[in-house]
Structures are given as C-alpha cells and as structure tokens.
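Student: Submitted below is the structure of interest, expressed as structure tokens.
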Amino acid sequence: MNPETVRNYFDNPRVVADYAAAAEGVGLWNSERKVFEEFIPRGARIIEFGCGAGRIALGLWELGYRDIAATDFAPNMAEAAKKIFARRGAKIRAFALDASDPNLPEESFGAAVFGFNGLMQIPKSERRRRAIRAIFGILKPGGVFVFTTHDREAKRNAAYWLSEKKQWETGSQQPVLDEFGDIFYEGDHGGIYIHSPSRGEVERALAEAGFEILLSKNRSEISPEPPAVEEFSDDCVFWCARKPEFTKK
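Laid out in structure tokens, this is it:
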C-alpha cells in the first residue's frame, strides 16, 4: 500500500467535509474524555497525530488543555482543522506532518494522541513501528501516548479473519495488501486502508520502542457512548503507554 494513496484519500474534499462535520457535531467520545482526563495532566504540552479536521484537539481544548499542536498527514485536513479552531476561538496550532518522520525536537511533549485508529492507517508495519519510535523520542520522560486500534482477535471478527487467513495461505489475498491484518475497502468517497492488529502485535511494537503499557481496554468497557458515536465508529481498543522516567541511553 502506497502512503500517497492514503494521503490522497484524506485530502479528498468530500472526506474532509465528513471529518469537519464530525469535529463540530460528534465531538469527544465519552471514553476519550475519561482516558484523557485520567492519563494526561492538565498542563501537559500535547501533540495530536492524525487530527483530521480537529475533533479530538478541539475536545481537548474544551476540557481545559491549552498547549496543543494538531497535525495530520493530509494537508487539507490540517487546513480544515485550522479553520475550525479559528472559528471556535481555540488557540491550537495545526499543520501537516508525517507521524513516521515528524522531525520534531526530542523530549518536547508531555503527551501524544493518535485517535480514531489513525496509527493503523499508516501502511506497512515498519512505518508504524517507526512512528511509535518517533513518538517515544519526542515525549518527555514520564510522557504518555494515547491511541486506539481495532482488535483482530475480537470474537465478532473471527469469521472474517478466518476467511482472510485462508486467502493469505493460498496467495489469493488482495494484491494491494502488504501483510496479514491489512484491510482495503471501498468507502463512500474512495478506497480506505487500515491495519487491524492483534493486541500482541501492538504490545511488541510498544515494548520495542521502550514504552510501558498503562492501559489496553475496549472502548465499550470504558464508557457507554451515545448513538452518534456508535454510528461514527465501531468498538476499538484504547491504549495508553508511558515513556519511563529514566530511559537507557
């Protein structure tokens, strides 16, 4: 899967419009609010990756967080977020950035957020692991990384992944896919890529980067959500990982 295919999808004006509507209409999920307030100190300097049109960053601002940078791989998304922030009076910086190569100062943020399964929309496992390592690097010691993923091993998905496994074993999977767990499907506005990991896969990537895992819990176990959120997103796994106070050099 070419990263440009992913970027072009999210730069599509119709996709941007959908995300802008969610930023102002859906807002923070109850589960997001609970996790952020539990793990991110109010005075933390926060960077969000995959901000879309700013739904989460705006929600953080409304919770009282004041030092926020919102970034997205797709420039049109970052521009949409910037306009929404200005209209809502939220003093949030917004700009385009590749999470797998952010080129930001080391140990400069107290928290990083990668919501709505955005980390898993980075194609290829090495690029995702590179992003996790980069995020570890820009966090201050004790800083936290909050993100969500799907769960390939969830019972509700068992039949789908059994079918996919058979296709991979026979070499009949979609040619565009790079590895087992990849999904590419046709949405309302074009082809959508996402990787659905096992929990073990995520745990190994976090440990490889040096993170300690504080939370790995289904959204449905954290808080009930209103119908608008249930329609907006399937159940997912919330992760919170911490950079140790003292890291090996």
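For what it's worth, this note's numbering labels the leading residue of the sequence shown as 3, then goes sequentially.
Ideal Cβ positions, reconstructed from N, Cα and C, are used throughout, including at glycine.
Quick caveat: nothing in here was measured; it's all calculated off a predicted structure.
1. Going by beta carbon distance, what residues of the same chain come within less than 6 Å of Glu6, once the five residues before and after it are set aside?
2. Do you know whose CA, among Glu181, Arg244, Arg95, lies nearest His197's CA?
3. By DSSP, does Gly112 sit in helix, in strand, or in coil?
4. What residues in its chain sit with their C-beta under 8 Å from that of Glu247, if we drop five residues either side in the sequence?
5. Determine the extent of the beta strand (DSSP E) in which Gly29 is found, giving its start and end residues.
6. At 3 residues or longer, and completely inside the segment 47-86: list those beta strand (DSSP E) runs for me, N to C.
7. Quick one: residues in its chain with C-beta nearer than 8 Å to the C-beta of Phe24, no 5 flanking neighbours on either side, listed in chain order?
8. From what residue to what residue does the beta strand (DSSP E) around Asp13 run?
9. Alpha carbon to alpha carbon, how far is Pro43 from Ala83?
10. To the nearest angstrom, report how far apart Ile86 and Glu26 are at their CA atoms.
11. Suppose you measure from the CA of Glu205 to the CA of Glu166; what does that come to, to the nearest Å?
12. Suppose only complete runs of 4+ residues qualify. What are the alpha helix (DSSP H) ranges in the segment 176-236, listed by chain order?
13. Do three or more CB pairs link the segment 222-232 to the segment 32-40 at distances below 8 Å?
14. Around the C-beta of Leu107, are 16 or more other C-beta atoms found within 10 angstroms, so that it is buried, or is it exposed?
15. Can you list, in chain order, the residues of its chain with a C-beta nearer than 8 Å to that of Arg13? Leave out the 5 residues immediately preceding and following it.
Tutor: Reading off the structure:
1. none
2. Glu181
3. strand
4. Pro143, Gly144
5. Element bounds for Gly29: n/a, residue is neither H nor E.
6. 48-50, 70-74
7. Looking at the sequence provided, one finds Ala at residue 24 rather than Phe. Excluding sequence neighbours, Ala24 sits near Gly54, Ala55, Arg57, Phe234.
8. Where Asp13 is concerned, there is no enclosing beta strand (DSSP E), although the alpha helix (DSSP H) it sits in stretches over 5-13.
9. 23 Å
10. 8 Å
11. 23 Å
12. 201-211, 221-224, 229-234
13. yes
14. The question names Leu, but residue 107 in the sequence shown is Pro. Pro107 should be labelled exposed.
15. Checking the sequence, you will find Asp at residue 13 rather than Arg. Taken in chain order, the residues that qualify are Ala76, Pro77, Asn78, Met79.
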